[in-house]
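Chemist: This note's numbering puts the sequence shown at residues 2 to 1224. Where is the CB? At the ideal position from N, CA and C, for every residue including glycine. Sharing a structure below in structure tokens format, with a few things to ask.
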Amino acid sequence: MTPKRERELIAKTRNTARYFVETRHVAWVLFVATLVFGFFSYAKMAKRKDPFVQVRVAVAVCAWPGASASDVEALVTRRLEEKIAQNTNVERIESTSRTGVSIVTVTLRESLPIAELGKTFDDIDLRLRAITDLPAGTLPVELHKDFGDTSTLMLTIASPRARAVEIEARARSMIEVLAAARAATPPSTREGRSAIVLPYPASLDATSLRRVVGHFMTYAQASGGASDLQVLGGPGWYAVDGRLEGITWRALEQSFVREEQSVLAHPEIWRSFVVAEPSDVEPALIAAAGDAYSHRELDDFTDAVARRLRALPTVAKVTRAGVVGERVYLDYSPERLDGAGMSGAALRQVVGARNIHATGGVVETTGRTLAIDPSGEYKSAEEIGDTLVTATSSGAPVKLRDLVDVTRDYETPLYTAFLTRRSDSGGPWTRTKAVTVVVQMTPGAQIGDFAREVNATLTDVTRTLPEDLIVSRTSDQAQQVEAKIDLFMTTLYEAIAILVVVGLVGFREWRSALVLAISIPLTLAMTFVLMYALGIDIQQMSIAALILALGLLVDDPVVAGDAIKHELDRGKDRAIAAWLGPTKLARAILFATITNIVAYLPFLLMSGDVGNFIYSLPIVMTCSLVASRVVSMTFIPLLGHVLLRPARAAQRGDTKAIDAYRRLVSFCIANRYRVLAASTAIFVVAGLFATRLRSSFFPRDLSHLFYVDVFLPEDAPLRATAETAAEVDRIIREVAEDPNKEVVRSIATFVGGGAPRFWYSLSPRQQQPSYAQLVVEVGDEHDTERLIAPIQRALTSRVPGARIDVRQLENGKPVPQPVEIRIAGDDVATLRAIAERAKSVLRDVEIAERVRDDWGDESFRLEVDVDGARAALAGVSNLDVATASAGFSGVPLNALRDGEKRIPIVARLRYGERGKAGDIENLYVTGAQGRNVPLRAVADVSYRFDRERIQRRDQRRTIAVSCFPTAGSLPSEVMSRARGRLLEIGRSLPPGYSLEIGGSEENVVKVQKESVVVGIVSCVAIFLTLVLQLKHALKPLIVFAAIPYGIAGAFVAIVVTGSPFGFTAILGVISLIGVIVSHIIVLFDYIEEAHARGEPLEKALLDAGAARLRPVLITVGATVLGLVPLAAHGGPLWEPLCYAQIGGLTVATIITPVLVPVLYAVVVLDLKWLAWETTPPPAFADHDSDTPIPAPPARAHAGPKRCLTIMSATSSWNEPASMRSLQ
């Protein structure tokens, strides 16, 4: 720029940079206001651990008790699917038909706006309710629309172990009774006696338990190995004492429970124990001691907590998991009822006629109106037993208790919870029953406010609960958010410190480093203001975006500050230099900023859950870059005026690095084709490394929690599942045990179903007796990944008969199975045959394990085939048979109101008539005329194997074959080895059958396709930006030629660090393009300015490169080193992105300062695509002060010539003004 043009610029320019320098009082007020509003915005922004991802899933459940899986599929599931499919917003329908229940999972289109989700689910619900042709006996269809709600707090409240005082008192009673019984036995039978003791809580109604103990004694006698048996008992315990020969009490107990399905597995009963002498009782009872509080008490305690929490404004919903409800059971014997002229079906009328709650109108008296209450509601189980049924021939009343056994007890547990923890640090582990209180935060509420309100309420309400009650936080998002944000903010502070150090080293003086240090919080404060205005919250994605942006947002302040220094070194007054320097580079800085913005903004094109997950990243990057641009043109001039001074002579003379750079570039230009040929070696190396890239979807999360899924055969009872889960619990603690530290903090076990949704990408499984889930909390989150493999190996080898998966929490879209092959068709046998072929392929892959399908094995089924002719003669219908057989599990009759609770009254067959499968043949069926007919007289009972589970996907039967990669392997590696043979299977399928790949690969393929689109859009946008800046269509190609070198460096870094090439790595590679281009843009601006001055090509390239070398090294060094804390602390999610950018930027920074001049020379000198015109140097008075002054004609002495030669070889930014003035 000539002095004339510069004088015009100074005279005519009116921009923000000049305004902030010349009106400093206003500028300082805005400076403080920016910091204040930034702090306010940060404080007010919602904070969460992870980005909010809306779950678009609902689950429809329809129970049909007793129906086979095939019947459920044909008559229930298909009808539900047809109705659901009528809604056009449904993307996918998946269903499971099991014995007695149909479960249909509905997934809505990812493109559907969140505001439309509620309306869509309501429409589906109305369609399901409108179904009127479901089979008789099916229960109403329930659509769970809140299936996707993620808990903010899971509070597990558990009972402690029984108190020592209670144990001591009970042991004393046992010792006294057992000693007295032994003393009363004949001396000949005292030797060799032992007793099995069954303790139970004193609050338990022991009526039914006494019958079971008696039945057990009869069973033991019938075994032939037990003799001289007697039942003993006292408060809270029963025992069977006798002599055994050739058998043990444990073997008898296990076979009795297995064959009789007895209530010895009652949820309240303590562990039984065997003693030989009364003196053995107390230590055995201490070891077998159960819980201090009953399920009923835990229900009351957790209900009190839930009620208090529901009243909080920051709490949206509170539910409870693991509550074991109560029932009033009417246990009847068909023969006994038949003797009284009644049937099981008649119990409904008897109870219903008495247990009413209705209004009786009002009566008006003088001055008042009185309500008539004719209610005859039952108040207790005793009142139910007192119900008058009939009278004997003598007129004696016959009450209900004379015909049935009335007991208030717990429901047969369908879903229970346990908590395992240490009573204190280093103390023994205890596993007790529990109830989990699930709390969800009000949308839009602050997680900090939620935590404060909940903690205060819990502190208050626990004062009203027993002191020894265990209250444990299984999952607490508030703590997770606080820990994650603290970690990321620490990472941010470390990155800022690194940037300041880099600036200090790069600028070699504290003033420029201080300007850089002040610009960072200013830019961040302005970014927070923009984020708050746009509704972006603080979570790991937005904070990581800030860390990623640090290296970019200091680019503008570094360039602007360097420009101010340049003007000061030229002798400009501070008041002018402070705004003139940034103004000269304003256009280049603007386009560099735009380039980075358009590199990130296309990520908004990502659709679905992935797009929602990363939504905040491009927005925050854009906000930070815009803020950086504003700061560079406002506060940097202000700070430059206050802080910056001309460089000292010693600093200006330090030109060795610049000289070396000039010589290197000059040599490379002279040997440009050799240099280009040599640079291709980078691509060769990168190509070799690229073949070792391991693709994946989203990496697993680094968390204090992991979970274990336990699957037993479909027909396994809850008791067996609970026993297996307890063994899994024990093995986990054993494997994780470390004498130097506490590894496992707690284990929450959910039997009969999955835990409530405590992680956004983890879908809870529906309740089923054969499934359990354990949620394990560790003290150090870095122990999680280390423990997964050894625990998995131990459980697989030591727990037979169960399928067990130990899994980490995952980021991004849910992936139920990492490797999955779905086969769809109609015929079950054909589907299973194809699935076996697919499983064989996966079993042959050495890095695949736990190969299975989701249909499971066939199960033993009892089938009652009603003979129509015989049934008609007996006056019995199929409905009568179904009604009678329902007595095995229980038939709801009515309800007992106890305060605000409604306790179902259930009629079921008496114990001893429903304990074994063979009892069904002795069942009586009541016909239409009230006659009781033996079932065997009208039906044939048979046993056969049948399907217990039928899976469907998009209204077709679908069997999914799945497996897990071994430790250290990825799903993509399994698929790469199995794909060829799987495709062969797919090509050989019969008509009407299909094979498709699911699991991680399905999501990876979709994301990669969208990433290609994002990359193309980003490149096109950058190209258009460059065309606008350079005003030429070919020059941007020179810029783009440097990009592959950065990508090559990224590939090498990803492979060397062992990171998977997943979505975040792709994000890092694509965003790398903008960073590289932005660094070249300013270099091109210098080249074009030199060209406009008419300088020779080589001199222009050398001067531009020398001028940009220091700012580029500072900003790249800041970017690369600033990513190190995020790579170190960010966990598996951010490591691939950081390593991709670190490797790419490092290689690009080494290559591009040399390569870009070489490519430019090739295009101009060899290809002649660009014209380079040189003009004679202008007169001295009009010479551009930015360019070194050419040497004068040779003089007689050498000294000045050498001096001038050095000056001409030096960057004009370091040229002493004093030397120019001397000339």
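Can you give the beta carbon distance from Arg110 to Glu92, rounded, assuming they're within the 8 Å contact cut?
Modeler: 4 Å
Chemist: For the beta strand (DSSP E) that contains Tyr1046, what are its first and last residues?
Modeler: Premise fails: Tyr1046 lies in the alpha helix (DSSP H), Ile1044 to Val1057, not in any beta strand (DSSP E).
Chemist: Just curious, the beta strand (DSSP E) that Phe604 is in, first and last residue?
Modeler: Per DSSP, Phe604 belongs to no beta strand (DSSP E) and is neither H nor E.
Chemist: Starting from the C-beta of Arg349, find all residues in its chain whose C-beta is less than 6 Å away, skip the five residues before and the five after it, and write them out in chain order.
Modeler: Answer for Arg349: Leu894, listed in chain order.
Chemist: Do you know offhand how far Ala18's Cα is from Pro819's?
Modeler: 55 Å
Chemist: How big is the Cα-Cα spacing for Val282 and Pro236?
Modeler: 15 Å
Chemist: Tell me which residue opens and which closes the alpha helix (DSSP H) that Glu677 is part of.
Modeler: At residue 677 the sequence reads Leu, which differs from the Glu that was named. Arg673 to Ala691 is the span of the alpha helix (DSSP H), which, as asked, contains Leu677.
Chemist: In whole angstroms, give me the CA-to-CA distance for Val33 and Thr635.
Modeler: 13 Å
Chemist: Could you check whether the Cβ of Pro817 sits closer than 7 Å to any Cβ belonging to chain B?
Modeler: Going by chain labels, chain B is absent from the structure shown, which holds only one protein chain.
Chemist: Hey, would you say Leu1122 sits closer than 7 Å to Cys1139, going by beta carbons?
Modeler: The answer is no: Cβ separation not under 7 Å.
Chemist: Lys573: buried (16+ other C-beta within 10 angstroms of its C-beta) or exposed?
Modeler: buried
Chemist: Measure the Cβ-Cβ separation of Val564 and Leu586 and say whether it is below 7 Å.
Modeler: Contrary to the premise, residue 564 reads as Ala rather than Val in this sequence. The answer is yes: Cβ separation under 7 Å.
Chemist: Whole-angstrom Cβ separation of Val777 and Tyr708, contact assumed at under 8 Å?
Modeler: At roughly 7 Å, the Cβ-Cβ gap stays under 8 Å, so Val777 and Tyr708 are in contact.
Chemist: Quick one, which of Pro161, Phe1052, Ser69 and Arg57 has its alpha-carbon nearest Ser112's?
Modeler: Arg57
Chemist: Quick check: what's the CA-CA separation for Thr139 versus Gln793?
Modeler: In a straight line, the C-alpha of Thr139 is about 40 Å away from that of Gln793.
Chemist: Kindly indicate which three-state DSSP category Leu535 falls into: helix, strand or coil?
Modeler: Leu535 falls in the helix class under three-state DSSP.
Chemist: Pull up the distance between the alpha-carbon of Tyr925 and that of Asp881, whole angstroms please.
Modeler: When the Cα atoms are used, Tyr925 and Asp881 turn out to be separated by approximately 10 Å.
Chemist: Take Asp72 as the anchor and find which of Ala1128, Thr1150 and Arg950 has the nearest alpha-carbon.
Modeler: Arg950
Chemist: Does the segment 195 to 202 come close enough to the segment 464 to 478 to have 3 or more Cβ pairs within less than 8 Å?
Modeler: no
Chemist: Contact between the segment 713 to 722 and the segment 805 to 820: three or more CB pairs below 8 Å?
Modeler: no
Chemist: Does the distance from the C-beta atom of Tyr379 to that of Glu327 stay below 7 Å?
Modeler: In this structure, Glu327 does not lie closer than 7 Å to Tyr379 by Cβ.
Chemist: Might you give, ordered along the chain, the residues of its own chain that have their beta carbon closer than 8 Å to the beta carbon of Arg1203, omitting 5 neighbours on each side?
Modeler: With a pLDDT of 35 at Arg1203, under the threshold of 50, the modelled position of this residue cannot be trusted; read the value that follows with caution. Excluding residues within five positions, none has a Cβ falling inside 8 Å.
Chemist: Identify, in the order they occur along the chain, each residue of the same chain with its Cβ nearer than 6 Å to the Cβ of Lys840, setting aside the five sequence neighbours on each side.
Modeler: Val852 and Val962
Chemist: Can you name, in chain order, every residue of its own chain whose Cβ lies under 6 Å from the Cβ of Asn812, other than the five neighbours on each side?
Modeler: Excluding residues within five positions, the ones whose Cβ falls inside 6 Å are Phe699, Asp702 and Leu1134.
Chemist: Please report the Cβ distance between Trp856 and Ile960, rounded to the nearest whole angstrom; I am assuming they are in contact, meaning their Cβ atoms lie under 8 Å.
Modeler: For a cut-off of 8 Å, the C-beta gap from Trp856 to Ile960 is around 5 Å, short enough to register as a contact.
Chemist: Taking the straight line between their C-alpha atoms, what separation do you get for Ala687 and Ala1128?
Modeler: It is roughly 22 Å from the alpha-carbon of Ala687 to the alpha-carbon of Ala1128.
Chemist: Please report the straight-line C-alpha distance between Ile683 and Asn456, rounded to a whole angstrom.
Modeler: 58 Å
Chemist: Using the C-alpha atoms, what's the distance from Ile595 back to Ile637?
Modeler: 19 Å
Chemist: Out of Arg355, Ser174, Val555 and Glu7, which has the shortest C-alpha to C-alpha gap to Lys400?
Modeler: Arg355
Chemist: So Thr190 and Asp242 are in contact, right, with Cβ under 8 Å, and what is the actual spacing, rounded?
Modeler: Wrong, their Cβ atoms sit about 10 Å apart, outside the cutoff.
Chemist: Candidates Arg862, Val1021, Leu910 and Thr524: which alpha carbon is nearest Arg948's?
Modeler: Arg862
Chemist: Any idea what DSSP makes of Gly193, helix, strand or coil?
Modeler: Of the three classes helix, strand and coil, the one that applies to Gly193 here is coil, per DSSP.
Chemist: Quick one, which of Ser890, Asp828, Gly1144 and Asp955 has its alpha-carbon nearest Pro991's?
Modeler: Asp828
Chemist: Under a Cβ-count criterion, where at least 16 other Cβ atoms within 10 Å of its own Cβ denotes burial, should Phe965 be classed as buried or exposed?
Modeler: buried
Chemist: According to DSSP, is Asp72 part of a helix, a strand, or is it coil?
Modeler: helix
Chemist: Could you name the residues that DSSP lists as bridge partners for Pro200?
Modeler: Per DSSP, Trp238.
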